[in-house]
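Below: the structure, in structure tokens.
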Amino acid sequence: MSRFSLDADTAARFARIALGHVRQEYPHKLDHVLGADEDALPPHVLHPIFFGSFDWHSCVHGWWTLLTLRRLFPDTDEARAIERLADQSFTAEKVETERAYLDRPLSRGFERPYGWAWLLQLHLEASRHRDANWAYELEPLARAFADRLRDHLGVLTYPIRVGTHFNTAFALVLSLDWAERFDEPLAEAIRERAKHWFGNDCDCQAWEPGGDEFLSPALIEALCMARALTEPEFHGWFGGFLPKLDTGEPATLFMPAVVSDRSDGKIAHLDGLNLSRAWCWRSLAPLLPEDSQQAYDTAEAHLEAAMPHVAGDYMGEHWLASFALLALLANDT
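Numbers in our numbering are just positions in the sequence shown, counted from 1, shifted up by 6.
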């Protein structure tokens, strides 16, 4: 049994962390292309909802964290604070400003694909809160990003396999969750492209991690294929993709990353790698009957390495709780 679970104390802690940064505007790293002097505007003007948390995408998944925790633990002071802030934030006017930003001539690549996928996850989570209008208000923004993803799938010749924000498989995993609920043609397109890009991959060497990665290119690809394939299809594919799993190879997938400097935003990504690997291993474990204990044990080791560092330095604190929550909720519905 895991030492780590989403109990009430952990949920309250994560909620307080996210409440503390989704409205913290500075320091801020913009994904913003200037076309003229008048484009030099502060984050809260460009993005009246998602201006906190150091960058746009972290603010989006900070909000996903908050809404998820509010749903799971509704009768808490933190849940009530989340409700008040969400009501103030998810308004038609503010959502339209966020959506209109995408119409800028130089915004085609804005937050592609990581921020797109997280926005879809946020909208999916908002749809589970039947006592609020948040999903209704956010839907135009979600639809705009879904349309962008649909177009992008048609022109992306090769998948991007790095373990950072540009990773294709990670975006497909999150986006497929949304599309299966709201846009089945997009869901089918995601499944088709995943099979096209990754279906012939075999004998993965897992030369990872890179020094600034927060995703395992190998494990997130496996999770993507687990979502895109039927269970029998996945078993056949996975056996070829990681054929030496029973002997603990590739060894790199079983060893938590060492984080040398948590004040360095890039090096701090490695705490996220440990959390996202835990998410992947926990999610894959039920599909690996012969290796499930190995998967759970490996996830546990990665959680032990990362969970003490979810807060402490803002370079990790502005985003790590989201990945911890993914790991703790793996396989939950």
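Ideal placement from N, C-alpha and C gives every residue a C-beta, glycine not left out.
Being a predicted model, the structure only gives us computed values, none of them experimental.
Buried/exposed call for residue i, threshold 16 Cβ in 10 Å
i	result
residue 51	exposed
residue 117	buried
residue 302	buried
residue 328	buried
residue 344	Absent from the model: residue 344. The displayed extent of the chain is 7 to 339, so no value can be given.
residue 202	exposed
residue 61	buried
residue 223	buried
residue 339	Annotation note: pLDDT 43 at residue 339 (below 50); position unreliable, no value reported.
residue 249	exposed
residue 323	buried
residue 72	buried
residue 208	exposed
residue 264	exposed
residue 164	exposed
residue 252	exposed
residue 98	exposed
residue 194	exposed
residue 277	buried
residue 47	exposed
residue 39	exposed
residue 189	buried
residue 16	buried
residue 14	exposed
Given residue i as reference, the closest of the options once Cα atoms are compared
i	options	result
residue 214	16, 57, 326 and 259	259
residue 262	245, 254, 250 and 280	280
residue 296	8, 318, 245 and 335	245
residue 24	74, 53, 34 and 39	74
residue 31	64, 14 and 40	64
residue 123	294, 180 and 331	180
residue 196	218, 217 and 232	232
residue 54	160, 317, 68 and 107	107
residue 308	161, 221 and 138	221
residue 318	27, 12 and 204	27
residue 148	80, 121 and 274	121
residue 93	115, 271 and 135	135
residue 325	49, 36, 13 and 70	70
residue 119	110, 255, 273 and 155	155
residue 89	102, 132, 58 and 49	132
residue 95	321, 58 and 166	58
residue 12	143, 66, 79 and 22	79
residue 271	82, 35, 101 and 240	35
residue 269	321, 240 and 314	321
residue 289	56, 140, 310 and 331	331
residue 293	242, 217, 130 and 146	242
residue 254	198, 298, 217 and 267	298
The alpha helix (DSSP H) enclosing residue i, as first and last residue numbers
i	result
residue 232	223–234
residue 129	120–132
residue 278	275–290
residue 153	140–161
residue 22	14–27
residue 240	237–247
residue 105	98–107
residue 170	Careful: residue 170 lies outside any alpha helix (DSSP H) and carries neither H nor E.
residue 332	326–334
residue 300	298–312
residue 320	320–323
Can you check the stretch 50–89 for any beta strand (DSSP E) of at least 3 residues that lies completely inside it and give the ranges in chain order? none
Which runs of the alpha helix (DSSP H) spanning at least 4 residues fall entirely within the stretch 172–226, listed in chain order? 174–188 and 190–204
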